[in-house]
């Protein structure tokens with residue numbers, strides 16, 4: 372097991388190195404850089420000013436030198452400076468991480484706490500009206516784009532309550548804090564909850580037909596014990612996989628949700644940085660997301676072994 | 015009876031005297047606006063978008079400024095700001111400003127004439143300190159040097175008379191910067207003398223300004239501060255305004271269809287729709303085929319149905335004009351009869367297009383041989399939407415055009431290297447003055463003359479109107495130039511747009527400028543009646 376973990380960690384480092392190269396090269400392939408954008412915004416191009424600015428930002432160096440400069444800095448904990456705000460990239464990124472982390476955490480929590488129980492209920496009551504109703508809910512979750520749902524929530528909020536949950540870094544009341552985080556988390560987590568619910572349902576249906584469930588029933592075990600202790604425990608593995616994948620994909624959903632709810636998190640900042648071709652910010656943010664995804668995958672794999680005693684990682 | 019009349023007269027006089035006092039501006043409160051995007055920096059001199067002027071103009075003062083309570087910017091309404099008075103020399107080549115005493119920068123250092131000198135030296139590129147970008151350097155082409163006489167007098171010495179210099183100095187684009195703060199610091203933490211002090215600018219989040227307690231204009235500003243929440247999503251921003259979370263929309267950012275939504279959901283909101291001196295026009299690459307052929311360029315200008323653009327995009331709320339903003343808001347617009355005599359501006363669109371088709375046939379195109387081109391434009395709705403209509407309209411003159419949407423980062427580099435045939439472009443004028451518009455957009459060698467249009471005869475007329483001190487004579491020259499520019503198909507103007515601004519009924523003292531969207535954001539007169 373120890374050797375397996377070490378091997379996975381080494382593999383993770385190699386993966387992250389590969390990702391860093393890909394991010395770096397892809398960013399430079401995209402036409403235009405910050406200097407082009409600045410001059411585009413100013414509505415003129417002065418070749419001398421442009422060359423001067425490119426030199427100041429180190430954009431006239433070779434791509435290899437630029438990469439080494441970045442990766443060397445990263446190794447020393449120096450993320451460079453934002454081309455736009457001219458502040459250290461770390462100072463720009465750090466305050467935004469807790470905002471997005473809170474939102475993502477809440478969205479995942481919402482997804483799991485709604486999706487798993489509803490999936491179990493739907494499977495247990497297969498073919499009933501309740502099952503059909505829950506399946507309609509899950510289908511809607513999968514079909515409604517989160518930006519549309521977000522806007523709908525905002526419109527309903529303005530129409531019903533005359534206000535809307537707009538982001539405030541220092542909420543005055545608990546109610547305000549809940550509104551500014553939970554409502555967007557629900558908007559972004561709804562799709563994820565729907566997916567979790569479908570996977571839980573189908574996985575549960577398969578397990579509920581197994582012989583050992585019939586045996587448990589014959590032994591007189593209660594329905595709750597059968598459903599949650601025997602069936603769900605065995606049906607949960609694919610659900611964990613899906614939640615792991617969803618955690619990685621969540622950042623995509625958050626870009627839209629953070630924009631619609633005007634939340635200054637890293638997802639929206641990433642889009643803005645990309646628009647400005649603010650390389651230090653984009654590189655470091657994508658790298659951060661890559662680290663999160665790689666570690667999430669690793670954690671999910673480790674969870675398999677913890678949850679299912681049949682799974683053992685060996686050399 | 016007489017005593018009753020006397021008493022009534024006394025009462026009326028008292029009411030008249032007390033009226034203004036009763037309606038006196040209230041002090042305090044934070045004005046909350048949304049901002050349409052995150053500006054690249056806080057340094058107005060380095061930018062060319064009003065996304066910078068709106069939040070940062072309140073931090074600064076100019077030497078002179080357009081009266082912030084009058085909607086139409088004109089030379090007659092330029093009022094003192096940091097300068098108490100100004101005077102032209104007898105040869106109209108020196109403009110001298112007497113500066114206000116006792117003004118301090120927000121960091122406590124005194125403001126002097128040296129600050130004026132070094133600001134304009136930087137703008138003219140004569141200072142060791144350089145701006146990262148200097149998009150309005152050409153505004154000061156006629157300024158030889160700026161000199162000081164003591165701490166409170168500064169003079170602009172011109173190469174030749176240029177009455178319009180005062181108009182340029184009154185623009186929101188011309189604040190005075192402090193000598194002791196570097197251009198780099200001004201981008202991140204601007205220091206000014208203005209009614210509001212900069213507090214913070216969190217990219218993509220918010221901009222905060224707070225009242226300058228030591229503002230040299232006594233009793234101003236009325237507000238305790240201004241907060242901009244950066245809200246790029248237009249729907250969210252409008253919902254925020256409707257629900258009362260914002261006191262005001264971002265100026266001139268409410269489109270005509272959105273305005274209907276606002277009025278239906280917030281019927282008490284005060285909304286105005288005004289032109290803002292931004293024209294939508296066509297840039298033509300006349301240096302290579304097929305548009306090196308004047309007949310094809312003329313045919314293109316004749317094919318335009320300007321009313322259709324305005325009707326589709328603005329529900330009829332737009333204006334047709336030449337280079338200068340149409341009257342009555344624009345000060346320099348050609349008379350209607352003169353405008354309609356220009357090819358393509360006549361009311362009979364079918365007749366214009368018949369003529370255009372003849373020109374196309376003369377150039378070798380017709381029903382059996384269409385000209386295939388691309389219409390390039392920025393990937394932004396205000397550019398893209400009219401480009402689509404343009405493509406549809408020029409089909410009628412045997413031109414099959416394809417839309418080529420270009421990322422903003424690539425737009426100006428592409429235009430600069432002439433990698434386009436036709437382009438759909440927007441041109442915003444900071445000042446409603448021919449000097450700014452003509453030299454910037456049509457002068458030979460100007461950086462913003464994207465089409466490289468160069469006509470030496472017209473260039474002479476540019477100079478002739480620029481030195482003219484008699485406004486009536488200057489106007490006639492301007493009309494003649496504008497007419498020639500349209501006839502030359504230098505940059506066919508399609509329309510001048512109108513846009514909306516809304517604020518809550520308790521916001522008072524807001525004036526939306528009608529012939530520039532860059533000059534009216536000092537906000538020192540704005541107050542909240544609640």
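Residue numbers (the numbering used here), protein chains in the order written: chain U, 372 to 686; chain P, 15 to 544.
C-beta atoms are modelled at their ideal positions from N, C-alpha and C, and glycine is treated no differently.
Remember, predicted model here, so these are calculated numbers, not experimental data.
Do residue 190 of chain P and residue 513 of chain P count as a contact pair if the criterion is CB distance below 8 Å?
For residue 513 of chain P and residue 190 of chain P, no; Cβs fall outside 8 Å.
How long is the line joining the alpha carbons of residue 478 of chain U and residue 557 of chain U, rounded to whole angstroms?
Straight-line measurement puts the Cα of residue 557 of chain U at about 6 Å from the Cα of residue 478 of chain U.
Run of the alpha helix (DSSP H) containing residue 440 of chain U, from where it starts to where it stops
434-446
Inter-residue Cα distance where the pair is residue 424 of chain P and residue 440 of chain P
16 Å
Below 8 Å on the Cβ atoms is my contact criterion, and I expect residue 420 of chain U with residue 147 of chain P to pass it. Report the Cβ-Cβ distance as a whole number of Å.
6 Å
Excluding sequence positions up to five away, which residues of its chain have a Cβ less than 8 Å from the Cβ of residue 99 of chain P?
Cβ contact annotation for residue 99 of chain P (same chain, cutoff 8 Å, sequence separation greater than five): 111 and 112, in chain order.
C-beta atoms of residue 597 of chain U and residue 589 of chain U nearer than 8 Å:
no
Cβ closer than 9 Å: which chain U residues qualify as neighbours of residue 156 of chain P?
Contact of residue 156 of chain P with chain U by beta-carbon distance below 9 Å is absent, the smallest such distance being about 19 Å.
For the stretch 474-508 of chain U, which residues have a CB atom closer than 9 Å to at least one CB atom of chain P, in sequence order?
Taking 9 Å as the Cβ-Cβ cut-off against chain P, none of the residues of the stretch 474-508 of chain U qualify.
Cutoff 6 Å; reference residue 482 of chain U; Cβ partners in own chain excluding five residues on either side
560, 563, 564 and 567
Would you say the stretch 111-128 of chain P touches the stretch 220-230 of chain P, given that touching needs at least three Cβ pairs under 8 Å?
yes
Report the rounded CA-to-CA distance for residue 543 of chain P versus residue 45 of chain P, giving the unit in angstroms.
11 Å
How would you write the range of the beta strand (DSSP E) that residue 189 of chain P sits in, first residue to last?
Segment: none, residue 189 of chain P is in no beta strand (DSSP E) and carries neither H nor E.
Going by CA-CA distance only, name the one from U:401, U:505, U:489 and U:449 that's closest to residue 421 of chain P.
Closest in C-alpha terms to residue 421 of chain P, from the list U:401, U:505, U:489 and U:449, comes U:401.
For residue 383 of chain P, the three-state DSSP class (helix, strand or coil)
strand
When the Cβ atoms of the stretch 443-455 of chain P are set against those of the stretch 344-362 of chain P, are three or more pairs found closer than 8 Å?
yes
Short check: CB of residue 210 of chain P to CB of residue 49 of chain P, under 8 Å?
Against a cut-off of 8 Å, the Cβ pair of residue 49 of chain P and residue 210 of chain P comes out as no contact.
Of the residues P:484, P:354 and P:464, the one placed nearest residue 11 of chain P, counting alpha carbons only:
Given a span of 15 to 544 for chain P in the structure shown, any question on residue 11 of chain P remains unanswerable.
Nearest-angstrom beta carbon gap, residue 295 of chain P and residue 531 of chain P [assumed within contact, 8 Å]:
Rounded, the Cβ-Cβ distance is 16 Å, inconsistent with contact.
Taking the continuous beta strand (DSSP E) assigned at residue 468 of chain P, which residues delimit it?
Per DSSP, residue 468 of chain P belongs to no beta strand (DSSP E) and is neither H nor E.
Using 8 Å as the limit for Cβ to Cβ distance, is residue 543 of chain U near chain P?
So, not an interface residue.
Coil, strand or helix - residue 214 of chain P by DSSP
Looking at residue 214 of chain P - three-state DSSP - the assignment turns out to be strand.
Just mark residue 374 of chain U as buried or exposed, buried being the case when its beta carbon has 16 or more other beta carbons within 10 Å.
exposed
Between residue 388 of chain P and residue 418 of chain P, how many whole angstroms is the CB-CB distance? I'm expecting something under 8 Å.
Here residue 388 of chain P really is in contact with residue 418 of chain P; their C-beta atoms are around 4 Å apart, less than 8 Å.
By the 8 Å beta-carbon criterion, what residues does the stretch 424-435 of chain P contribute toward chain U?
424, 425, 426, 427 and 430
Kindly list, in the order they appear in chain U, the residues whose Cβ is closer than 7 Å to that of residue 52 of chain P.
643
Going by DSSP, what residues sit across from residue 392 of chain P in a beta bridge?
P:420
What is the residue span of the alpha helix (DSSP H) that residue 655 of chain U lies within?
650-678
Anything in the stretch 216-228 of chain P with a Cβ closer than 9 Å to a Cβ of chain U? List those residues in chain order, please.
Taking a C-beta cut-off of 9 Å against chain U, the contacting residues of the stretch 216-228 of chain P are 216, 217, 218, 219 and 220, listed in chain order.
Just the chain P side, please: which residues come within less than 8 Å of residue 463 of chain U by C-beta, in chain order?
217
Taking only beta-carbon positions, decide if residue 529 of chain U is within less than 8 Å of chain C.
Checking the listed chains, one finds no chain C in this structure; the protein chains it contains are U and P.
So, is residue 541 of chain P buried or exposed, given that buried needs 16 or more other C-beta atoms within 10 angstroms?
buried
Just the Cα atoms here: how many angstroms apart are residue 438 of chain P and residue 308 of chain P?
19 Å
So, is residue 72 of chain P buried or exposed, given that buried needs 16 or more other C-beta atoms within 10 angstroms?
buried
Within 10 angstroms of its Cβ, does residue 498 of chain U collect 16 or more other Cβ (buried), or is it exposed?
exposed
Any contact of the stretch 161-177 of chain P with the stretch 122-134 of chain P, i.e. 3+ C-beta pairs under 8 Å?
Cβ pair count under 8 Å is three or more, so yes.
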